[in-house]
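All you need for the numbering used here is the position in the sequence shown, starting with 1, plus 199. Beta carbons: idealized from backbone N, C-alpha and C, even for Gly.
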Amino acid sequence: MSVLDQVRARIARQGPISFTDFMEIALYDRDGGFYTRGGGAGRAGRDFVTSPEVGTLFGALIARFLDATWRDLDQPDPFVVIEAGAGRGRLAADVLRAQPECAPALRYVLVELSPALRARQSELLRIEPIDEVLGPFVRAADPDEPMEVVPGAGPIVSSIEQLPAARVDGVVLANELLDNFPVRIVERTADGWDEVRVGLDDDGGLREVLVTAPSATSGLGDLPPDIEVGARIPLPVGLGPWLDAAAGTLHHGDIVVIDYVAAFGELVARGQPGWLRTYRGHGRGAGALDDPGDQDITSDVPLECLRTAATRAGLTIATEARQADWLQTLGIATLVARARQTWHERAGVGDLEALAARSWITEAAALTDPDGLGAHRVVVFRR
């Protein structure tokens, strides 16, 4: 049964469904969902490009951030990095390629829901069983004491489907993950809020249906009362539970969110076409209700919802910046200056070192583009 037929069947059984349910089926259905079948970021015909897929520079900068956090935490060993929504492992591969100072202590956990993408991770990385992440272990001198971790055994990379049930010292990375969380869509009315649901037209096509939003709808209480009538807002239903789970994996450390994040006022000003997007074949896709399962669907994350969820999870905000500015604090200008010098010295040779340097110069422009990736918001939460 196609994804569209599954949506139709669900509506036939229970009436118009929430946009949350529609996104869940379209993106994550076990048989036909966009991500389940391997849709995702990359070049050469992939559906969109994220910062790691631009080239290796982004991973080198993330490696610098990881080193700084590792030092701030007094250089724990193991130092665990959990990348949520890791895809095929491109960012992890680039972090390791940069040879960070923390590498001997590093345990890198790829969290990826899609079986198709997890299967591709071994193309870029050596994947070890998850029980090796905090190891290897040796027996303590006292047989009654717990096993001891062998220091300096990293880097070790593992892959799992969900966030691990552990408390570690380290970092949780989420690059362009939250914008794929299914959202409820609500519309301001003179009397309160309507919810945008998905129903069927007379020809069996999908259409929007407005119903009165229950007062208990998650996130309504966080919305400012002065939003104009007719304005629509996305409410990421899974945001709070995900931040709770991410915070629960950390004893001490940071959660780094890099994504399409905007304040309510900006979302209202842009309107639904500005914050709800589809992607297919490296370009914008069709309408959000068109071709479910065959295109990506993303929604901006309301900044206020992110802050509220973080507070409830017991997190504090350490950094809030545009990606372009954040990468400057990590030394992108220094790395690009070195690349320019290398290119100047070796352009006539045209070897791999020269080409890599030239690539970093180009990548830096893309990563800091104020109308593109550079406009992403970076929020670093501390626990």
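Pair within 8 Å by beta-carbon distance, residue i and residue j
i, j, result
"Gly-387", "Gly-398", "Sequence check: residue 387 is Arg here, not Gly. No. Outside cutoff."
"Val-356", "Leu-324", "yes"
"Ala-462", "Leu-514", "no"
"Gln-320", "Ile-329", "no"
"Thr-411", "Asp-400", "no"
"Ala-318", "Phe-278", "no"
"Ala-468", "Thr-477", "no"
"Thr-497", "Asp-390", "no"
"Val-395", "Leu-409", "yes"
"Cys-504", "Asp-421", "yes"
"Ile-224", "Val-202", "yes"
"Gly-353", "Ala-292", "no"
"Gly-480", "Phe-233", "no"
"Ile-432", "Leu-466", "yes"
Residue i versus the options, residue with shortest Cα-Cα distance
i, options, result
"Val-253", "Glu-394, Ala-564, Ser-217", "Ala-564"
"Pro-423", "Glu-322, Val-385, Ile-281", "Val-385"
"Cys-446", "Val-535, Glu-327, Ala-364", "The sequence as given places Ala at residue 446; Cys does not occur at that position. The option with the nearest alpha carbon to Ala-446 is Ala-364."
"Leu-260", "Val-294, Ile-281, Thr-507, Val-280", "Val-294"
"Pro-381", "Arg-582, Met-222, Pro-215, Ala-556", "Met-222"
"Gly-369", "Trp-392, Val-332, Gly-232, Gly-391", "Val-332"
"Ala-555", "Ala-538, Ala-512, Thr-567, Val-548", "Ala-538"
"Ser-217", "Arg-582, Val-436, Asn-374, Asp-273", "Val-436"
"Arg-582", "Gly-214, Gly-486, Arg-511, Arg-289", "Arg-511"
"His-450", "Ala-508, Pro-440, Leu-272, Val-428", "Leu-272"
"Ala-285", "Asn-374, Arg-270, Thr-268", "Asn-374"
"Tyr-459", "Gly-573, Gln-298, Ala-211", "Gly-573"
"Gly-351", "Val-456, Asp-421, Gln-274, Arg-483", "Gln-274"
"Glu-282", "Ala-262, Arg-479, Arg-383", "Ala-262"
Residue i versus residue j - alpha carbon distance
i, j, result
"Val-578", "Ile-516", "7 Å"
"Glu-311", "Thr-235", "10 Å"
"Asp-489", "Ile-531", "40 Å"
"Glu-360", "Gly-237", "14 Å"
"Ala-536", "Ile-560", "8 Å"
"Ala-546", "Val-500", "43 Å"
"Thr-518", "Asp-524", "11 Å"
"Leu-526", "Thr-567", "8 Å"
"Asp-220", "Leu-226", "10 Å"
"Gly-241", "Asp-570", "With a pLDDT of only 43 at Gly-241, under 50, the local geometry of the prediction cannot be trusted, and no value is derived from it."
"Gln-205", "Gly-403", "12 Å"
"Pro-314", "Gly-418", "31 Å"
"Ala-487", "Ala-208", "19 Å"
"Gln-298", "Leu-290", "13 Å"
"Val-308", "Asp-425", "43 Å"
"Ala-430", "Gly-470", "7 Å"
"Ala-509", "Thr-268", "19 Å"
Which of helix, strand or coil DSSP assigns to residue i
i, result
"Phe-380", "coil"
"Ala-545", "Per the sequence shown, residue 545 should be read as Arg rather than Ala. Here Arg-545 sits in helix by DSSP."
"Asp-246", "With a pLDDT of only 43 at Asp-246, under 50, the local geometry of the prediction cannot be trusted, and no value is derived from it."
"Glu-407", "strand"
"Gly-465", "First, the amino acid is wrong: residue 465 is Glu here, not Gly. If DSSP states are grouped into helix, strand and coil, Glu-465 belongs with the helices."
"Arg-387", "strand"
"Phe-233", "coil"
"Pro-251", "helix"
"Ala-373", "strand"
"Tyr-227", "helix"
"Arg-581", "strand"
*Complete beta strand (DSSP E) runs within the stretch 264 to 351 (minimum length 3 residues, chain order)*: 278 to 283, 305 to 310
_Ordered list of beta strand (DSSP E) runs contained in the stretch 501 to 578, each at least 3 residues_ = 515 to 521
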